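A short worksheet on the structure shown next.
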Amino acid sequence: MTRSAMNRTRPILKNFMMQDPIGPVTRLEGIGPVRAQRLARLGVACIRDLLFLLPRRLREWAEPVSVAEASDRVGSTVTVRVRVRGVRLTRFGGRRSLVRVKVADESGEIDALFFNQPWMREHVRVGDDVELHGRVVDAKGAALASPKLGTSAKPLPSPGTVVPEYPLTDGVSQDFLAALCRSAVARYGDGVVELLPHDILTRLGLPPLPEAVASAHAPANAAEFDAARRRLAFESLLGVQARLQLARTGRSGRATAARIADARHAALLDRYPFALTVAQRRIAGELRSDLARTSPMRRLVQGDVGSGKTAVALYAAMVVAESGGQSAFMAPTELLAEQHFFGLRPLLERAGLACDLLTGSLARRDRRQVLERLEHGGLHVLFGTHALFSADVRYKRLDLAIIDEQHRFGVGQRAALADKGDDVHTLLMTATPIPRTLALSLYGDLDVSLLDEMPPGRGEVTTRWVRGAERRRVPALVRERLAAGEQAYWVCPRIGAEEDAEEESLARIAGAEQRFARIQESEVFAQLGVELVHGRLPAEERARRLDRFRRGEAKLLVATTVIEVGVDVPAATVMVIENAERLGLAQLHQLRGRIGRGPAPSQCLILGDAVAEHRFRLLEECRDGFLLAEEDLRQRGMGDLAGVRQSGDNLEGLDDPERDLDLLIAARDLARERPDVCALYGAGERATP
Ligand code: ADP
Ligand code: MG
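Yeah, the sequence shown ends on 781 if you go by my numbering, and it's all consecutive.
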């Protein structure tokens, strides 16, 4: 969806007292069906859309330059003040023509080219003093391409004048659109009405809406334009936040409250085989009070890799089970779902709770059995992938949805969950902190907990970028650790070798399969036991091989990034990552989170191209996953983060969300605290595209 199409999701109608501004653009002079269609491509259907069409940026008319300087600046747009020396019209047949106007100042001569505007020959005369503003191109020497013409009768805007620049589409020019918007403001601007209470505008430092609409299209200066832009952005942000808020209040009271007494709470925390960290206890407390309410919990737990999020989630599931409800525990991969299931089952069973695993690869009969137990309430916790929320999965009483590594789920999968459980408590977990802007715009109603403490007894992990000749010593280094009884991962981003790779790079970009074959050729490694896992293996085979590694029967695991989440083997102390330049910062950090899970010191050896040196250095220096994720975000930009594009909807009007974070927060708070304002904005219709 284009940004312009998204503009339609603004709350509509309410800002107008008069009916007219909502009328179609064809009511405006000079707009027939053809032009209306072109405007529609910009998301402009009615006059109101025009009034609210936000220019992309402001252009400032610069001081004129000399012809000599203009000739030196091919590619840029300049203004020159010149005298006309010659005018020549060439016709190419049909409607095509070229008027070449030779102009000069004391510094030199340049041509201005007017394509298909034969009238220009009459318009300018030799000896006239004119201004020209346009792009300098290289047409057998520097020339000005289709410049704007200023004459003494009708001069160009003076230097320093600011002009809004609109988003364009074929057949709609900048000047045309600007004039259209200005005439729309002149005739219909009065119909714009401010709905926000005055005190709120004052507090936020925003101009009233009618004023903002007018100055967006004809700003006196940059500051006025920016204020107008922010006011218009706030209008759409508030619409989104109000809708989220209304959805939330609409839901409230529909979840099942699970209350446990203090003694029970303490008893649950005692069930773990380890003492929970202070942070884990704190979040357990937050979950306890969330779950005790009938308004559905929406909580995101952010915690670095290895901070122990699973234990926290388990607590929530136990609380719900105590009150007779069921929990769905969803992981992004089967591997991780299995890991959770096998890891948590003993604890759950000791507590007298029944759980099972539902994945896509389950045999039909087994699947039916699981589903039956679920429907009849024979299961307290069901682990699985997004299959947990497919249409045929029916819960007796689903009270809690736990979503692990939530950033890896697509928008569609989240929607499927929302379908099943609008009134279900939801616990989201992630090791990748979502920037606050994003969290707010995706779910204005989300509460966030930070798991900011690592469990004790973890060995130090050192990370090193290994280069040049030293790379050859890596196998020996790994062998040494394995001989000492430790275990290792060897990660290759790809399964097979690069198919179209040339001879030379083939050696460099080995797939996991090739690496596995190579390593096995070495007798020492073969004796220590090597396994290979990747995403293309059948689930059972993969589980079998992982088990061998987990039990220590294989000391070395060659793998693709499938092991990025979920594999938990405390004896593993070495990780080699090949072609690490292919992986992002956050992903590399997540990968190395597989080691250092036991008390022994661990090392992560990065093999990768110097193109990614910056990333490797950061990993060497920094162990804080949150800092790394932020840096990752800065490097790749907001747009790249999972799910952001699809949810651009909620960020509409914000080209740079970080810059306007205050507006987003203000919109969220306003929607929360002022039901009257919320109702006004949240009920706004969505025009159909
Ligand atoms: P993540 O936050 O990455 O999901 P996990 O929940 O997988 O982390 O926990 C990582 C490891 O730490 C697991 O082996 C888990 O059993 C262990 N663990 C979790 N909490 C504690 C604790 N309080 N004390 C000791 N070990 C813990
Ligand atoms: Mg986890």
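Every residue gets a Cβ at the ideal spot worked out from N, C-alpha and C, and that includes glycine.
None of these values were measured; they are calculated from a predicted model.
Exposed or buried, what is residue i when buried is set at 16 or more other beta-carbons lying within 10 Å of its beta-carbon?
i, result
"Lys232", "exposed"
"Pro256", "buried"
"Asn313", "exposed"
"Leu287", "exposed"
"Thr425", "buried"
"Asn671", "buried"
"Glu578", "buried"
"Arg686", "buried"
"Leu743", "Confidence at Leu743 is low in this model, with a pLDDT of 41, below 50, so its placement is unreliable and the value that follows should be read with caution. That one is buried."
"Asp752", "buried"
"Gly167", "exposed"
"Asp291", "exposed"
"Asp484", "exposed"
"Thr243", "exposed"
"Asp382", "buried"
"Val126", "exposed"
"Ala430", "Note on identity: in this sequence residue 430 is Glu, with Ala being the wrong assignment. Answer is buried; the Cβ neighbour count reaches 16."
"Val619", "The question names Val, but residue 619 is Gln in the sequence shown. With fewer than 16 other Cβ atoms within 10 Å, it is exposed."
Check whether the Cβ of residue i sits closer than 7 Å to any heavy atom of ligand 1, and report yes or no.
i, result
"Gly688", "no"
"Ser415", "no"
"Gln579", "no"
"Thr665", "no"
"Ser399", "yes"
"Gly644", "no"
"Val368", "For clarity, residue 368 is Leu in the given sequence; the question names Val instead. Yes."
"Ala403", "yes"
"Gly551", "no"
"Asp660", "yes"
"Gly685", "yes"
"Gly395", "yes"
"Pro547", "yes"
"Gln372", "yes"
Have a look at the options and flag the residue whose alpha-carbon is nearest the alpha-carbon of residue i.
i, options, result
"Gln606", "Ser694, Gln679, Ala589, Val216", "Ala589"
"Thr477", "Thr169, Asp448, Gln337, Val172", "Asp448"
"Pro247", "Thr118, Tyr258, Arg363, Val222", "Val222"
"Leu697", "His706, Leu711, Val193, Asp491", "Leu711"
"Gly122", "Gly644, Ala271, Pro289", "Ala271"
"Lys401", "Gly124, Leu436, Val666", "Leu436"
"Pro547", "Thr118, Gly226, Ala403", "Ala403"
"Tyr258", "Leu146, Leu490, Arg586", "Leu146"
"Gln394", "Asp768, Ala493, Leu428, Glu497", "Glu497"
"Arg323", "Leu293, Arg227, Ser275", "Leu293"
"Asp282", "Val566, Gly186, Leu143", "Leu143"
"Gly263", "Phe206, Val254, Asn208, Leu131", "Leu131"
"Arg642", "Glu632, Glu623, Val654", "Glu623"
"Pro251", "Leu450, Ala154, Ala128", "Ala154"
"Thr550", "Leu519, Thr451, Ala663", "The sequence shown places Arg at residue 550, not Thr. That would be Ala663, whose Cα lies nearest to the Cα of Arg550."
"Ala763", "Leu298, Arg340, Ser158", "Arg340"
"Leu150", "His215, Gln266, Ala234", "Gln266"
"Leu719", "Gly115, Lys647, Leu569, Thr524", "Thr524"
"Gln372", "Ile494, Glu545, Met212, Ala446", "Glu545"
"Gly416", "Leu466, Glu765, Arg177", "Leu466"
"Arg459", "Gly444, Leu445, Phe475", "Phe475"
"Asp754", "Gly297, His215, Gly185", "Gly297"
Which residues does DSSP list as the beta-bridge partners of residue i?
i, result
"Trp557", "Ile698"
"Arg175", "Ala196, Asp221"
"Leu474", "Ala420, Asp448"
"Glu201", "Ala196"
"His517", "Leu492"
"Thr294", "Beta-bridge pairing links Thr294 to no other residue."
"Trp582", "Val650, Val668"
"Leu543", "Gly395"
"Pro116", "Cys138"
Does the beta carbon of residue i fall short of 7 Å from some heavy atom of ligand 2?
i, result
"Arg524", "The displayed chain sequence assigns Thr, not Arg, to residue 524. No; taking the cut-off as 7 Å, the Cβ of Thr524 has no heavy atom of ligand 2 nearer than that."
"Thr425", "no"
"Thr253", "no"
"Asp496", "yes"
Could I get the ranges of all uninterrupted alpha helix (DSSP H) runs contained in the stretch 392-464, with 4 residues as the minimum, in chain order?
-> 401-414, 426-442
Within the stretch 615-670, note down every full alpha helix (DSSP H) run reaching 4 residues or more, in order along the chain.
-> 615-620, 631-642
Only counting runs of 4 or more residues, tell me where the alpha helix (DSSP H) segments fall wholly within the stretch 130-195, in order along the chain.
-> 139-143, 159-163
Inside the stretch 338-396 only - alpha helix (DSSP H) runs reaching at least 4 residues = 354-362, 370-383
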